[in-house]
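Engineer: Position 52, counted from 1, in the sequence shown is what our numbering calls 53; the numbers after and before it change by one each time, with no gaps. Let me give you the structure first, and then I'll get to my questions.
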Amino acid sequence: MDRASVRDLVDRALEGLPPDREEALAVLRVSDSQTLSLVAEVARVRRHFFQDRVKLNFLLNIKSGLCPEDCQYCSQSKLSTAPIPRYSMLPPAAAVQAATIAVGTGAKRFCMVASGRGPSQSELRRFLAAVRAVKGAHPDLEICACLGLLADGQAEQLKEAGVYAYNHNLNTSQDHYGKICSTHDFADRRQTVSRAKASGLSPCSGALFGMGEADEDIVDVGFALRELEPDSVPINFLIPIEGTPLAGDCELTPLRCLRILALYRLLFPDVEVRIAGGREVHLRSLQPLGLQLANSIFAGDYLTTKGQAASADLDLIADCGLRVETADELTLPRSRLAPVVLKTSAFD
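What follows is the structure, encoded as structure tokens:
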């Protein structure tokens, strides 16, 4: 992909227009030697729509392990022998305690995640009690629920209790999905995102990379996500956890991760793109470059793995000349946030 082609993709993205399939594949196949120039170009899109802002998210694993699904990447699945904590739904007081820590880091979204295929009604009641307690203590905090597949009526109950968003990642392409899970399929996941959106919850859906997928799979899941029109797109990079079937897989490099992030910024120019699990493991010293493409990260730990300290995340943001997004800015329509367009091209 030459300089003119990249500039054209960026100029179109500034108008909200995504690449086509062949162009998307070409982005993923930019050489290592040209990847930093690609990042510099695509950073114009991030700056145009999100300026110097970074949205912080904080995650609570409110129920850990005990999952009947066979997702090969997950330390909580029935296939996993990883020595992780296993516990049922935490009480409301524990959720409030975690939410208070989240607010202290500057996080504006609090992600409450429960393992399992989907919540039983008794689990949902306990979860809703925790949501109400968190909203009572921190009314301005966005709550994102992640409970697996949703049954009829459950999304509506979440919305009524004060949940703002629902996360359910597509993870990989429809063609590749059967290689990583057999207890549910791609259509199940797509249906849950659609069900959450129809209830009025903000749809949050992304993907997980590093599971043996081809470039074509990365592009296919990106276009499938575009069809769902999510408000936020978390990009996860596989952490090969000992005790899971994919423990021996480590095919990602920092530069490949940057190319994936560049592609997803072009696919979702004005949508929140979040660097989620695996950021520290795979981007390593190039984490600052990831923030030139993504406008959102998790602060602190993930589900069953440690992230870097939240204080280090805040230092990272400041060192990049960026700042944590404030609560007031979250309520502003993007049309009221003056865009900054960087005219200088760096692809040569």
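Virtual Cβ for every residue (Gly too), placed ideally from N, Cα, C.
Give the single residue among I144, Q73, A134 whose Cα lies nearest to the Cα of A108.
Structural biologist: For A108, the nearest C-alpha among the options comes from I144.
Engineer: Distance, Cα to Cα, S32 vs R127?
Structural biologist: Going from the Cα of S32 to the Cα of R127 covers about 50 Å.
Engineer: Does the Cβ-Cβ distance between P204 and A166 come in under 9 Å?
Structural biologist: Closer than 9 Å, so yes.
Engineer: Ignore the nearest five residues each way along the sequence and tell me which others in P289's own chain have a CB closer than 6 Å to its CB.
Structural biologist: Closer than 6 Å at the Cβ level, and outside the excluded window around P289, lie C321.
Engineer: Contact between the region 90 to 101 and the region 261 to 273 is defined here as three or more beta-carbon pairs at a separation below 8 Å; is this criterion met?
Structural biologist: Result no; under three Cβ-Cβ pairs closer than 8 Å.
Engineer: Leaving out the 5 sequence neighbours to the left and right, which residues in its chain are closer than 7 Å to L10 when beta-carbon positions are compared?
Structural biologist: Around L10: P20, E24, L267.
Engineer: Return the CA-CA distance between P231 and S200, expressed in angstroms with no decimal places.
Structural biologist: Whole-angstrom Cα-Cα distance: 14 Å.
Engineer: Is it buried or exposed, K79, if we count other Cβ atoms within 10 angstroms and call 16 or more buried?
Structural biologist: Counting Cβ neighbours within 10 Å, K79 comes out exposed, since fewer than 16 surround it.
Engineer: Can the beta-carbon of D71 be found less than 9 Å from the beta-carbon of C182?
Structural biologist: Result yes, Cβ atoms of D71 and C182 sit closer than 9 Å.
Engineer: Mind checking which residues open and close the alpha helix (DSSP H) that includes S34?
Structural biologist: From DSSP, the alpha helix (DSSP H) with S34 extends over 33 to 51.
Engineer: To the nearest angstrom, how far is the alpha carbon of D216 from that of R190?
Structural biologist: Near 21 Å, if we compare the C-alpha coordinates of R190 and D216.
Engineer: Use the C-beta contact count for S297: other C-beta atoms within 10 angstroms, 16 or more gives buried, fewer gives exposed.
Structural biologist: Buried, by the Cβ-count rule.
Engineer: Just the C-alpha distance for V282 and Y265, rounded to the nearest angstrom, thanks.
Structural biologist: So the alpha carbons of these two residues sit roughly 20 Å apart.
Engineer: Our contact map puts K177 next to E214 with C-beta atoms below 8 Å; I'd like the distance itself, whole angstroms only.
Structural biologist: A small fix is needed here, since residue 177 is His in this sequence, not Lys. So it is a contact: roughly 5 Å between Cβ atoms.
Engineer: Which one of E16, R48, V43 has the shortest CA to CA distance from R4?
Structural biologist: Of E16, R48, V43, the residue nearest in Cα terms is V43.
Engineer: When you compare only the Cα positions, how much space is there between V40 and N58?
Structural biologist: About 23 Å.
Engineer: Who are the Cβ neighbours of C284 in its own chain at under 7 Å, not counting the five residues just before and after it?
Structural biologist: One point to set straight first is that residue 284 is Leu, not Cys, in the sequence displayed. These residues qualify, in order along the chain: P255, C258, G291.
Engineer: Give the straight-line distance between the Cα atoms of I102 and L61, rounded to the nearest whole angstrom.
Structural biologist: When rounded, the distance between both Cα atoms is 10 Å.
Engineer: Quick one: is A188 buried, meaning 16 or more other Cβ sit within 10 Å of its Cβ, or exposed?
Structural biologist: Answer is exposed; the Cβ neighbour count stays below 16.
Engineer: For a cutoff of 9 Å on Cβ pairs, would you count K198 as touching chain B?
Structural biologist: Given the protein chain composition of this structure (a single chain), no chain B is represented.
Engineer: Look at A197 and G149 and say whether their C-beta atoms are less than 9 Å apart.
Structural biologist: No.
Engineer: Could you work out which residue in A14, R8, E16, L29 is closest to D218 when comparing CA atoms only?
Structural biologist: Among A14, R8, E16, L29, the Cα nearest to that of D218 is on L29.
Engineer: For C68, collect the residues of the same chain with a Cβ closer than 8 Å to its Cβ; drop the 5 residues on either side in sequence, then sort them by chain order.
Structural biologist: Cβ neighbours of C68 beyond the five flanking positions: C75, Q77, S78, K79, S116, G117, R118.
Engineer: Does A14 pass the burial test, meaning 16 or more other C-beta atoms within 10 Å, or should it be called exposed?
Structural biologist: So A14 counts as buried.
Engineer: With 16 other CB atoms within 10 Å as the buried threshold, where does L18 fall?
Structural biologist: Flag for L18 reads exposed.
Engineer: For a quick check, are the C-beta atoms of A300 and L315 less than 9 Å apart?
Structural biologist: Their beta carbons are under 9 Å apart, which means A300 touches L315 by this criterion.
Engineer: Taking the continuous beta strand (DSSP E) assigned at E143, which residues delimit it?
Structural biologist: Here the beta strand (DSSP E) through E143 covers 143 to 147.
Engineer: Are P270 and V46 touching if we call contact CB-CB under 9 Å?
Structural biologist: Yes. Within cutoff.
Engineer: Taking the alpha helix (DSSP H) that A103 falls in, what are its first and last residues?
Structural biologist: Start and end: 93 to 106.
Engineer: With a 10 Å radius around its C-beta and 16 neighbouring C-beta atoms as the bar for buried, classify Q122 as buried or exposed.
Structural biologist: With fewer than 16 other Cβ atoms within 10 Å, it is exposed.
Engineer: Short of 6 Å in beta carbon distance, which residues of its chain neighbour A131, apart from the five on each side in sequence? Order them along the chain.
Structural biologist: Same-chain partners within the cutoff: P93, A96.
Engineer: With DSSP as the reference, please indicate the residues paired to I236 in a beta bridge.
Structural biologist: DSSP lists A208, I276 as partners of I236.
Engineer: Alpha carbon to alpha carbon, how far is D221 from Q293? Give it in angstroms, no decimals.
Structural biologist: Each residue's Cα considered, the two are about 24 Å apart.
Engineer: Do you know offhand how far R22's Cα is from Q175's?
Structural biologist: Taking the straight line joining both Cα atoms gives about 16 Å.
Engineer: Quick test of your reading: A277 and I318, contact by CB under 8 Å. State the CB separation rounded to the nearest angstrom.
Structural biologist: Wrong, their Cβ atoms sit about 16 Å apart, outside the cutoff.
Engineer: My output table needs one value for V11: the three-state DSSP class, helix, strand or coil.
Structural biologist: V11: helix per DSSP, three-state reduction.
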